[in-house]
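Some notes on the structure that comes next.
2 protein chains.
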Amino acid sequence: MSNMNKHEQQPAPAGATQAPADYFTGVAWVKPLVAAGHPTDCVVSEVTFEPGARNNWHSHPHGQVLVVTAGTGYYQQQGQPMQLLRQGEAVSIAPGVVHWHGATPEGRFTHTAINPSASQGMVEWLQAVTEEEYQSYQA
Amino acid sequence: MSNMNKHEQQPAPAGATQAPADYFTGVAWVKPLVAAGHPTDCVVSEVTFEPGARNNWHSHPHGQVLVVTAGTGYYQQQGQPMQLLRQGEAVSIAPGVVHWHGATPEGRFTHTAINPSASQGMVEWLQAVTEEEYQSYQA
Numbered sequence: 000m001s002n003m004n005k006h007e008q009q010p011a012p013a014g015a016t017q018a019p020a021d022y023f024t025g026v027a028w029v030k031p032l033v034a035a036g037h038p039t040d041c042v043v044s045e046v047t048f049e050p051g052a053r054n055n056w057h058s059h060p061h062g063q064v065l066v067v068t069a070g071t072g073y074y075q076q077q078g079q080p081m082q083l084l085r086q087g088e089a090v091s092i093a094p095g096v097v098h099w100h101g102a103t104p105e106g107r108f109t110h111t112a113i114n115p116s117a118s119q120g121m122v123e124w125l126q127a128v129t130e131e132e133y134q135s136y137q138a
Numbered sequence: 000m001s002n003m004n005k006h007e008q009q010p011a012p013a014g015a016t017q018a019p020a021d022y023f024t025g026v027a028w029v030k031p032l033v034a035a036g037h038p039t040d041c042v043v044s045e046v047t048f049e050p051g052a053r054n055n056w057h058s059h060p061h062g063q064v065l066v067v068t069a070g071t072g073y074y075q076q077q078g079q080p081m082q083l084l085r086q087g088e089a090v091s092i093a094p095g096v097v098h099w100h101g102a103t104p105e106g107r108f109t110h111t112a113i114n115p116s117a118s119q120g121m122v123e124w125l126q127a128v129t130e131e132e133y134q135s136y137q138a
């Protein structure tokens, strides 16, 4: 993807490591903000997607909240159209809802990811988002 | 406070309303991101403190996570020194821990506030942070 290549030289966000290729298409970065084991039982991370990058379809047994901190990205819930997520917006994802999120082809996208009741399970990964699925956005 | 007056003309952040004067000193703004009643049971807000503003001493029955999204602010846990919170940093506050947070005198401070298990209680407000307490920061 030419847009991904064009941006590949950007440095990793401070404190972040690359997200596992098994569950992501393209390059994404995860910076831990609150690790497992804290008394709130929330695991909180900052996730940055390079242009074109996204995670696999997945669900969270206790749901998840995303808060966009930079850029504009995509969010799609299974069976529904892709939607844009803009800086300052949040999405509350109910337990068990299959979905994915990631950058547009045009720019980096960063969100805070909040996982409640994390000690009881965080995520169930499914298949990758195909190019056809990824390119189905209609404004 | 001259610094507060100097900045009072800044517009409110989009989508925010002023935080209740009963529990805040100075001007702060609260923008709801995830309201009560969502299936994650997390209530998430963006809170912006004008220079010099802070909330009262308080605690959360189920704890709270703060993620700094803009500026540098103060955080103090009862019985401990004030500490600086910088953009990109987070603090995980255990249930029942008495604390306060707010802006420095020098600039606006914005954090995301994450309240887990919100349906079971969010906050217990205590007394205001005095000027003497607020001015006790030592770098």
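Each protein sequence line maps, in turn, to chains A and B. Everything in the first sequence is counted per numbering that gives the first Met the number 0, starting at 0 for the first residue and increasing by one. Everything in the second sequence is counted per numbering that gives the first Met the number 0, starting at 0 for the first residue and increasing by one. Even for Gly, the Cβ is constructed at its ideal location relative to N, Cα and C.
Between A/Glu49 and B/Val128, the alpha-carbon positions lie close to 42 Å from each other.
Classified as exposed, A/Pro10 has fewer than 16 neighbouring CB atoms from the shown chains inside 10 Å of its CB. Against A/Val46, chain B offers no close residue; the least beta-carbon distance is about 13 Å (beta-carbon pairs closer than 8 Å). Per DSSP, the unbroken beta strand (DSSP E) holding A/Tyr73 starts and ends at 71 to 76. Of all alpha-carbon atoms in B/Glu123, B/Arg107, B/Gly36, B/Pro19, the one lying nearest the alpha-carbon of B/His98 is that of B/Glu123. Sequence-distant partners of B/Gly95 (beyond 5 residues in either direction) whose C-beta falls short of 6 Å from its own C-beta, in its chain, are Ser58. Of the other Cβ atoms in all chains shown, 16 or more fall within 10 Å of the Cβ of B/Ser91; this residue is therefore buried. Here the alpha carbons of B/Val46 and A/Gly120 stand approximately 29 Å from one another. Of the candidates A/Ala117, A/Thr109, A/Ser135, A/Gln126, the residue whose Cα lies closest to the Cα of A/Val26 is A/Thr109. The residues Gly25, Val26, Ala27, Gly101, Ala102, in chain order, have a CB closer than 6 Å to that of A/Ala52 in the same chain once the five nearest residues on each side in sequence are set aside. The contact set of B/Gly62 on chain A, defined by CB atoms closer than 9 Å, consists of His37, Pro38, Thr39, Asp40, Cys41 in chain order.
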